[in-house]
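Colleague: Have a look at this one before I ask anything.
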Amino acid sequence: MMFGGLSTKLLNICIASFCKVRLLEKAEAIIIDGVRLGVIPDVVTYNTLVSAYSRYVSLDSAYSVIHRMKEAGISPNVITYNSLIAGATRDCLLSQSLDLFEEMLQAGIHPDVWSYNILMNCFFKFGKPDEANRIFQDILLSNLASHPATFNIMINGLCTNEYIDNALMLFRNLQRHGFVPQLVTYNILINRLCKARRWRQARTILRELGESDLEPNAITYTTVMKCCFRSKQYDKGLDIMSEMKSKGYAFDSFAYCTVVAALVKTGRIEEANACMEQTMSNGIELDLAAYNTLLNMYCRQGKFEAAYKLLDEIEKGGLLCDKYTHTIIIDGLCKAGNFSGAQHHLHYMKMMGFHENLVALNCMIDGLCKAGHIDRAMELYKSMETKDSVTYTSLVHNLCRAGRFRCASKLMMKCLKDGKKILRATKRAVLRGLRSSGYTDEAKKLQWKIQLARILR
DNA sequence: ACATATCAGT
């Protein structure tokens, strides 16, 4: 009996290490071997599989593990449910996450602090900060010992739900009460502050990380590098890349994509190529985001044959293209002036089950305008179900460039009525254009509308 | 030995 217990423990350790490197078939094979030798899988064995399948394969495949588990006479426990709920949240299935939580309660299983953390993260992900906050308060008031992750999830969730000041206040309050930030806490704050373009505060947090006992990791470096690129400090970003390499940090797919995307964006195609070759020669496995980065690079070089070949390769490799993939192709074709090709791909995308793709249509509009086909762009605009501020900005800006200020003005009023934001520079361009071409009354009217929109907002 | 949070792509 004791021997059996020990063997199951060993089996579980083996399975966990195979799952960690995504060798699920190997993990399954060991279970079969184990059963032959009389080693009985337990709840931990199945939980390990549930987690791995939901993470690396699909939620459905995780459910089939649950089925096998029940057939073997083993009941799911709180960890099983936590894994499933986390998986459903990762797959953007809000109601399924909540149903699973309910099912867990119905089954008489008591949620633990992990369950509440996962649920909190779920609410934040779906833009429900109030519900998330309620759970946070419940955790603090309950007897459950809170875990640093509770605070990290809270800080991150507040930031992604536009409560970045509250997140900072929470962070400082926690520190006053003796909370020692973890590396993830710093990484979360640096990243979110950079995305909000609050460079000064981001630098403060980065400095505090430097003064702490913690060592930055690859995520920290990638985050800071991205911040440099975002604030147009390209050479500084590349310096950080070299520092990261020389200090021996693993240069992963994230790091390479960040660098390649920045190089492509600034037109440094040769360097981007070299960087991408390094990625490949380092044997880094490309996932869809990495393929999309590569695809974007090809498109910007006008290498569409290579791009289409890559598209085939992606699909043959069993990956499904996402909306980013298609948008990159459409944007690339538009920038190259191939509008019939772009139209064709738009149809293809629809055939693949993607319906509205506002970003791709915005790329079409911008491309048409830049190639001087403003009327075609206006036609497309009229046929669109939804528009956003990018749609309007692109059209208004290009109408101004073509000297069609009254048309630009009319469109901008529509935009304001629609409650969409528009760049200040674009507003000024329209007003200046109207005045200089003698439409002073129109300019006054527009200015009034702009002020009105500001008051109403 | 199993479950949560941070970094890349239009």
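Each residue of the first sequence is one higher than the one before, counting from 1 in full-length UniProt numbering.
For every residue, glycine included, the Cβ atom is placed at its ideal position computed from N, Cα and C.
Note that this is a predicted model, so its numbers are computed, not measured.
In chain order, what residues of the same chain lie with their CB nearer than 7 Å to the CB of Ala88, ignoring the 5 residues before and after it?
Modeller: Leu59, Gln96, Ser97 and Leu100
Colleague: Quick check on the burial criterion: 16 or more other C-beta atoms within 10 angstroms. Buried or exposed for Thr266?
Modeller: By the 10 Å Cβ count, Thr266 comes out exposed.
Colleague: Determine contact between the segment 232-252 and the segment 198-211, defined as no fewer than three beta-carbon pairs at a distance below 8 Å.
Modeller: no
Colleague: Just to check my reading of the structure: Val113 and Ile139 have Cβ atoms closer than 8 Å, yes? What is that Cβ distance to the nearest angstrom?
Modeller: About 6 Å separates the two Cβ atoms, so the contact holds.
Colleague: Between which residues of its own chain and Pro216 is the CB-CB distance below 6 Å, once the five residues before and five after are set aside?
Modeller: Annotation for Pro216: no residue places its beta carbon closer than 6 Å to its own, counting only its chain and skipping 5 residues before and after.
Colleague: How would you write the range of the alpha helix (DSSP H) that Gln301 sits in, first residue to last?
Modeller: No alpha helix (DSSP H) contains Gln301, which DSSP labels as neither H nor E.
Colleague: Please list the terminal residues of the continuous alpha helix (DSSP H) segment that includes Ser231.
Modeller: Careful: Ser231 lies outside any alpha helix (DSSP H) and carries neither H nor E.
Colleague: Measure the C-alpha to C-alpha separation of Leu119 and Ser54 and round it to an integer number of angstroms.
Modeller: 17 Å
Colleague: Please list the terminal residues of the continuous alpha helix (DSSP H) segment that includes Asp130.
Modeller: Pro129 to Leu141 is the extent of the alpha helix (DSSP H) around Asp130.
Colleague: Rounded to whole angstroms, what is the Cα-Cα separation between Pro111 and Ile85?
Modeller: 12 Å
Colleague: Shortest alpha-carbon distance to Thr48 belongs to which of Ser17, Lys70 and Ala72?
Modeller: Ser17
Colleague: Indicate whether Ile284 and Tyr249 have their beta-carbon atoms separated by less than 8 Å.
Modeller: no
Colleague: Count the other C-beta atoms from every protein chain shown that fall within 10 angstroms of the C-beta of Asp322, then say buried if there are 16 or more, exposed otherwise.
Modeller: exposed
Colleague: What does the alpha-carbon distance come out to for the pair Tyr163 and Ile329?
Modeller: 35 Å
Colleague: Does Met169 pass the burial test, meaning 16 or more other C-beta atoms within 10 Å, or should it be called exposed?
Modeller: By the neighbour-count criterion, in which 16 or more other beta carbons inside 10 Å mark a residue as buried, Met169 falls on the exposed side.
Colleague: Who are the near neighbours of Gly157 in its chain, counting only those whose CB is closer than 6 Å to its CB and skipping five residues on each side?
Modeller: The beta carbon of Gly157 sits closer than 6 Å to the beta carbons of Phe124 and Ala132 from its chain, once the five residues preceding and following it are set aside; these are given in chain order.
Colleague: Can you tell me the Cα-Cα spacing of Ala402 and Gly367, whole angstroms?
Modeller: 15 Å
Colleague: What's the gap between the Cα of Leu399 and the Cα of Cys407?
Modeller: Their Cα atoms are separated by approximately 7 Å.
Colleague: What residue range is occupied by the uninterrupted alpha helix (DSSP H) comprising Ser340?
Modeller: Phe339 to Met351
Colleague: Can you tell me which of the three DSSP states Cys92 falls into?
Modeller: coil
Colleague: Does DSSP put Arg36 in a helix, a strand or coil?
Modeller: helix
Colleague: Where do the ends of the alpha helix (DSSP H) carrying Val430 lie?
Modeller: Arg424 to Ser436
Colleague: Please state the DSSP three-state secondary structure of Ser212.
Modeller: In the three-state reduction of the DSSP assignment, Ser212 falls in the coil class.
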